[in-house]
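Engineer: Chains as they are written, first to last, in the numbering used here: chain A, 1 to 204; chain B, 1001 to 1204.
Think of the CB as a built atom: it goes at the ideal place given N, C-alpha and C, for glycine as much as any other residue.
1) Should residue 1017(B) be flagged as near chain A, meaning a C-beta pair shorter than 8 Å?
2) With which residues is residue 47(A) paired in a DSSP beta bridge?
3) Quick one: is residue 1179(B) near chain A, going by C-beta distance under 8 Å?
4) In angstroms with no decimal places, state the Cα-to-Cα distance between residue 1089(B) and residue 89(A).
5) Please report the straight-line C-alpha distance between residue 145(A) and residue 103(A), rounded to a whole angstrom.
6) Given 8 Å as the limit, is there contact between the region 47-55 of chain A and the region 90-100 of chain A, that is, 3 or more CB pairs closer than that?
7) Go ahead and pull the three-state DSSP assignment for residue 178(A).
8) Measuring CB to CB, does residue 1009(B) end up less than 8 Å from residue 37(A)?
9) For residue 42(A), does the three-state DSSP call read helix, strand or coil?
10) Please classify residue 107(A): does DSSP put it in a helix, a strand, or coil?
11) Going by alpha carbons, who is nearest to residue 1136(B) out of 1029(B), 1026(B), 1034(B), 1012(B)?
12) I'd like to know whether the C-beta of residue 111(A) is nearer than 8 Å to at least one C-beta of chain C.
13) For residue 155(A) versus residue 21(A), is the C-beta distance shorter than 8 Å?
14) Figure out for me which residue from 24(A), 86(A), 180(A), 118(A) has the closest Cα to the Cα of residue 72(A).
15) Under 7 Å between beta-carbons, which chain B residues line up against residue 193(A)? List them in chain order, please.
16) When you compare the CB of residue 1156(B) with every CB in chain A, is at least one pair closer than 8 Å?
17) Please say whether residue 1131(B) and residue 1082(B) have beta carbons closer to each other than 8 Å?
18) Please state whether DSSP places residue 1151(B) in a helix, a strand or coil.
19) Let me confirm a value: residue 177(A) is counted as buried when at least 16 other C-beta atoms fall within 10 Å, else exposed. Which label applies?
20) Closer than 7 Å between beta carbons: that is the criterion. Which residues of the region 1122-1142 of chain B meet it against chain A?
21) Apply the 10 Å Cβ neighbour rule to residue 1077(B) and answer buried if 16 or more other Cβ atoms are within range, or exposed otherwise.
22) Do you know how far the Cα of residue 42(A) is from the Cα of residue 96(A)?
23) Determine the chain B residues that contact residue 13(A) at a beta-carbon separation under 7 Å, and present them in chain order.
24) Applying the 10 Å Cβ sphere with the 16-neighbour rule, what's the burial state of residue 87(A)?
25) Just the chain A side, please: which residues come within less than 8 Å of residue 1197(B) by C-beta, in chain order?
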């Protein structure tokens, strides 16, 4: 089987982490370097990552996430923040693509106009984009984790307002997801069975 | 380099697809089978996939997506629908995990209560969950596509209301993303440069 398919087949959301296993900050930086290669609309890269790996930070986060032990037992629990799109930042974000020689110099401005059309007067469209970008980054983060022999658990059961306040998120940042990551210990479940294809696929 | 990291490094959002390349319905079923193995909160699997692969369907969708040629030049463009969580369906969704022998029989009901706590009285939390689940499925779909030698372009620039109406989405379904997928032709850009790590990572 192709390694990319094998990874999909073998992935499951961990509940039990080896609480003794640690990741050093260099590992965390490498993981986020990979996560940031996820796609985002207009290459906005409208995300920020808080790697909660200190014991005090993990305990604080755990209390805001229904006291779930995996938050602190994992080597690191990431707060994946989606940022509401700020189209004024887009030209600067794309300048490196112009400098690299493949993007025409006029294109960042054209993209900025398209982005303004998409997001202006629609707070919901901006929020959705923040949720999408952070979620795509979460998926890429978990893929990179698998490559390094790490398991993960994406979590949405937490007090979003309290996490935003306690970890100092900006007014334009949404805590979209927690991703607990570390070494699995015994006792985790296999991947859960899925709904049949007939219920979820329509050909048009 | 580990194949999972190589895939992250080599992925880029395609703009140009080989318009002659086709996928048969068996390929599409296989791709969605893999996509459905993405994680979702409580294993709700709150997603639905419309595979637009007929010429008429692709042209209709293209008109609702800023007339972007890739929508019809790709072998298939998927409409990734996120479904607003319906906690009443959760016990049925989890029964196969009970039947498989690893989930205690009482747990689906416990999870249902937790899900009700998370989503009740919060239309925004339900919407966010729909966007997250469909986006995680999109990421897994693109990963499976890479394994089959296919490139992809995730797209959010489209008229969501018109797509929902034209493709018959239910009242509880949100068209979260389009994913154009097919064989690359020449002329695509490399992966765009990313923001420096110092701007996006905080250690806590």
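Structural biologist: According to the structure data:
1) False, the Cβ-Cβ gap to chain A never drops below 8 Å.
2) Partner(s): 82(A).
3) Between residue 1179(B) and chain A, the shortest Cβ-Cβ separation is not below 8 Å.
4) Approximately 42 Å between the Cα atoms of the pair.
5) Their backbone Cα atoms lie some 31 Å apart in a straight line.
6) For the pair of segments examined, the region 47-55 of chain A was found not to touch the region 90-100 of chain A: the number of CB pairs separated by less than 8 Å stays below three.
7) Here residue 178(A) carries a strand assignment [DSSP, helix/strand/coil].
8) Yes, they are a contact pair.
9) In the three-state DSSP reduction, residue 42(A) falls in the helix class (H, G or I).
10) In the structure shown, residue 107(A) sits in a helix (DSSP, three-state: H, G or I).
11) Measuring from the Cα of residue 1136(B), the nearest candidate turns out to be 1034(B).
12) No chain C appears in this structure, whose protein chains are A and B.
13) Contact flag unset, no.
14) Of the listed residues, the one whose Cα sits closest to residue 72(A) is 180(A).
15) Residues of chain B passing the Cβ test: 1096, 1097, 1100.
16) Taking Cβ atoms only, chain A reaches closer than 8 Å to residue 1156(B), which makes this a yes.
17) Cβ atoms of residue 1082(B) and residue 1131(B): closer than 8 Å.
18) Note: residue 1151(B) maps to strand in three-state DSSP.
19) Buried.
20) Residues passing the 7 Å Cβ filter: 1128, 1129, 1131, 1132, 1135, 1136, 1139, 1140.
21) Within 10 angstroms of the beta-carbon of residue 1077(B) lie 16 or more other beta-carbons, which makes it buried.
22) Pairing residue 96(A) with residue 42(A), the inter-Cα distance amounts to about 13 Å.
23) Result: 1039.
24) Answer is buried; the Cβ neighbour count reaches 16.
25) Residues of chain A passing the Cβ test: 29, 32, 33, 36.
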